[in-house]
Structures are given as structure tokens and as C-alpha cells.
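Chemist: Residue numbering for the sequence shown follows my numbering, starting at 46 and increasing by one per position.
Beta carbons: idealized from backbone N, C-alpha and C, even for Gly.
All figures in this text were calculated on a predicted structure; none of them were measured in a lab.
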Amino acid sequence: MLQIEQFIFGNDNFCVLVHDPESGETASIDAPDAGTIRNVLEKKGWRLTHIMVTHHHFDHVAGNEALKAEYGCRIVGPKGEADKIPGIDERLAEGDVFRLGRYAFNVIETPGHTAGHIVYHSPEAGVLFAGDTLFSLGCGRLFERGADAMWPALRKLKALPPETQLYCGHEYTLANARFALSIDPDNGALKARATEVEQLREAGAATLPVALATELATNPFLRADSAAIRAGLGMDGADDVAVFAEIRKRKDNF
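As C-alpha cells, then:
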């Protein structure tokens, strides 16, 4: 079974290590901080063989070069922004498959937060490493592409098996829950998730991973096609991209 270790660096950056015990291969999903990752590797007794980069932002690649120098690990990442990924060895695009030991990760392009952002989905392990494209109860800011790119990207993720466990780049869930309730106040599943999230954070526990099924029922950024959300926004006749863009705009100003 694929072993996954999730931990926090700084205020809210998630670090995630994935380890295949059969092959001994270990990957870091992005590399926010070399020292933090090194400490956990040592505690687990794992040797880093790969870094699986989702996008070029500094808080996701800051540890690349130090970790590569220490472990000789191979860095894979998005072809569309390879020139911005320190130490990259292999460029990945839509439809490519990256293998960590016996586990296959399908590469899905999700432009929006950055122009070349990719995510990694393993059907066998039942996990999605979404970087800053999809958060629990939220999604990434549209820094480099617009809603017309991000909504189709999110629709790809909506189509994945609902039991898929979501991991992402930041612990933003509590703030996202407060916004989501302002958009979808009568959603019982959202109210329950918001209560759960508040309890987890009060206990110092992470709100991830979470099943994609939960996100499909509660995350307003995946529910631009929801009649209830459209009615609340006064956008009954609008198309999905326009509704998504309005939700994102409101979150930016929340």
C-alpha cells in the first residue's frame, strides 16, 4: 500500500511525502522547504528519490535544489512552465503517466492558478495531489489564466472517482468554509463539513485528506452548476463559467 505522510511547513503549506514500500521509492509532492522535508524523511527512514512538482510558485519549489543536491532525487514537473522549475529533469503534460514504484500517477493539466499547473491522480492508490488548483472548500486564485480555463480544469477533477482522497498545497479550509457558507448557506452537507473543520482546527488537526465526494457536495467552486448557488447569486440564466467567475471574484473580496 502507498504510504503517505502529510505535515505543515510555516503557516499553512502542506508538505506531503509518498512512499512505495516495495520499491523503496519516495516522492515529495512539491518541496516547500528542504529542512522540514529532510527531518521527516529521517524520522521515517525514507530516502527521497523524486520531487513531483505541481507548479512554479516559490512556496512549492523552494526546496528543490537543496534536496536534489543532497539526495540526487529526480525532479518532474509541468512542461508548460519547465523554465521556472528549479532543477527539473522531466517535463510532464496532459496524458503523461509518472510512475513511483508500482504506482501510476496520471498527469492532468489544470491551468488557472498558473498557466502550466498540473495535478497527479493515482487510480490505484485512490489519491489526487492537486497542488493549488483545488483546495478543500476552495480553489486557487486565478493568477495566470482566467475562469474560462480554470472551470474546465475543475470539471476534469469533478469527473474523478468520488472516493478519491484529495491532498492539496495549503491548509485554507477553515477560511474557505466561512466563505462557502456565504454563497451556499442552506447546504446541509456544507454546514456539517464546516462544523467538522472547525473542530479539527481547534484540535490542531489537519482538515485533509478529504474525499472528493465531500467536495462535490460542499465546495462552491465545484458547484457553479448548482441551481441553489445560481439562485443565490441571481444568475439563473448564466453559463457555468460566468457563475464560477462570480464566485471566485466574491472570494477574492471576502
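Buried or exposed for Ala239, going by 16 or more other Cβ atoms inside 10 Å?
Modeler: So Ala239 counts as buried.
Chemist: Count Cβ pairs between the region 179-194 and the region 141-161 that sit closer than 8 Å; are there 3 or more?
Modeler: Contact holds: three or more Cβ-Cβ distances are below 8 Å.
Chemist: Helix, strand or coil for Tyr116, going by three-state DSSP, please let me know.
Modeler: Here Tyr116 sits in helix by DSSP.
Chemist: Sorted by chain position, which residues of the same chain lie with C-beta nearer than 6 Å to Glu135's C-beta, five sequence neighbours on each side aside?
Modeler: Excluding sequence neighbours, Glu135 sits near Val121.
Chemist: In angstroms, rounded to a whole number, what distance separates the CA positions of Asn58 and Thr178?
Modeler: If you take the alpha carbons of Asn58 and Thr178, they lie about 14 Å apart.
Chemist: Excluding the 5 residues preceding and the 5 following Trp91 in the sequence, name in chain order all residues of the same chain whose CB lies nearer than 6 Å to its CB.
Modeler: Excluding residues within five positions, the ones whose Cβ falls inside 6 Å are His64 and Thr71.
Chemist: Just to confirm, are Ser68 and Gly176 a CB contact at a threshold of 7 Å?
Modeler: Not closer than 7 Å, so no.
Chemist: Please list the terminal residues of the continuous alpha helix (DSSP H) segment that includes Met97.
Modeler: Here Met97 belongs to no alpha helix (DSSP H); instead the beta strand (DSSP E) covers His95 to Met97.
Chemist: Starting from Ala72 and walking both ways along the alpha helix (DSSP H), at which residues does that stretch end?
Modeler: Taken as a continuous stretch (DSSP letters only), Ala72 belongs to no alpha helix (DSSP H), being part of the beta strand (DSSP E) at Thr71 to Ile74.
Chemist: Could you give the residue range of the beta strand (DSSP E) that holds Leu105?
Modeler: For the sequence presented, residue 105 should be read as His rather than Leu. First-last for His105: Phe103 to Val106, but that is the alpha helix (DSSP H), not the beta strand (DSSP E).
Chemist: Counting pairs of Cβ atoms below 8 Å between the region 75-86 and the region 97-112, do you hit three or more?
Modeler: Yes: the two stretches touch, three or more of their Cβ pairs being nearer than 8 Å.
Chemist: Return yes when the Cβ of Val61 is within less than 7 Å of the Cβ of Ser181, no when it is not.
Modeler: In this structure, Val61 does not lie closer than 7 Å to Ser181 by Cβ.
Chemist: Based on the DSSP secondary-structure assignment, which residues constitute the bridge partners of Phe299?
Modeler: Looking at the DSSP assignment, Phe299 forms no beta bridge with any residue, so it has no partner.
Chemist: By the 10 Å Cβ neighbour count, where 16 or more other Cβ atoms means buried, how is Met97 classified, buried or exposed?
Modeler: Counting Cβ neighbours within 10 Å, Met97 comes out buried, since at least 16 surround it.
Chemist: How many Å lie between Asp193 and Ser73 at the Cα?
Modeler: Approximately 31 Å between the Cα atoms of the pair.
Chemist: Whose C-beta lies closer than 6 Å to the C-beta of Leu245 among residues of the same chain, with five residues either side of it excluded?
Modeler: Contacts found: Thr252.
Chemist: Do His162 and His100 count as a contact pair if the criterion is CB distance below 7 Å?
Modeler: A contact, by the Cβ cut-off of 7 Å.
Chemist: When the Cα of Ala273 is compared with those of Phe150, Arg83, Gly132 and Asp231, which residue comes out closest?
Modeler: It is Asp231.
Chemist: Indicate, with yes or no, if the ligand MG has a heavy atom lying under 6 Å from the CB of Pro131.
Modeler: Ligands in the displayed structure: none, and consequently the ligand MG is not present.
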